[in-house]
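Working notes, beginning with the structure itself.
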Amino acid sequence: PRGKTQRCIAGQMCNLTGASGTLLTNQNKLAVLSQCGRPPFVTGFPGGGISQALSHGGQLTSWDGGAGLPVTASGGTYQLCWCGAVTSTLCAQAEHFRVLVGSVIVVG
């Protein structure tokens, strides 16, 4: 999902749709970080800042922790970072999310 700007509203679920890019697969994940590849994940995103595994050929994901949880992060602009592991279990640490693919703007 290159150059993707995602807008999330504090207090609501955050879903990313319409992502596009080369070699996106359903096992890939995205993370919200202040700087890609460096901890910590941004506080206030369900799933510890790591998205659910991408679906629909890598075009759809969310940060709802699979339970409809809202984003509670402070308003601001953060980096949207990609982990292209072939299994989603390999996308677990900030260091796995080295590729900057866009930004996440939290409103609220």
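Count along the sequence shown starting at 1, add 29, and that's the number in our numbering. We treat Cβ as the ideally placed atom computed from N, Cα and C, and that holds for glycine.
Taking the beta strand (DSSP E) that Ile38 falls in, what are its first and last residues? Lys33 to Ile38
Short of 6 Å in beta carbon distance, which residues of its chain neighbour Ser80, apart from the five on each side in sequence? Order them along the chain. Excluding residues within five positions, the ones whose Cβ falls inside 6 Å are Lys58, Leu59, Thr90 and Trp92.
By the three-class DSSP mapping on this structure, what secondary structure does Gly131 have? Gly131: strand per DSSP, three-state reduction.
Could you give the DSSP three-state label for Ala60: helix, strand or coil? Three-state DSSP puts Ala60 in a strand.
Out of Cys65, Arg67, Ile38 and Ala96, which one is the CA nearest neighbour of Gly76? Selected option, being the one with the closest Cα: Ala96.
Less than 8 Å between the beta carbons of Val135 and Gly105, yes or no? It is a contact, given that the beta carbons lie within the stated cut-off.
Asn55 and Leu83: beta carbons closer than 8 Å? Yes, the Cβ-Cβ distance between Asn55 and Leu83 is below 8 Å.
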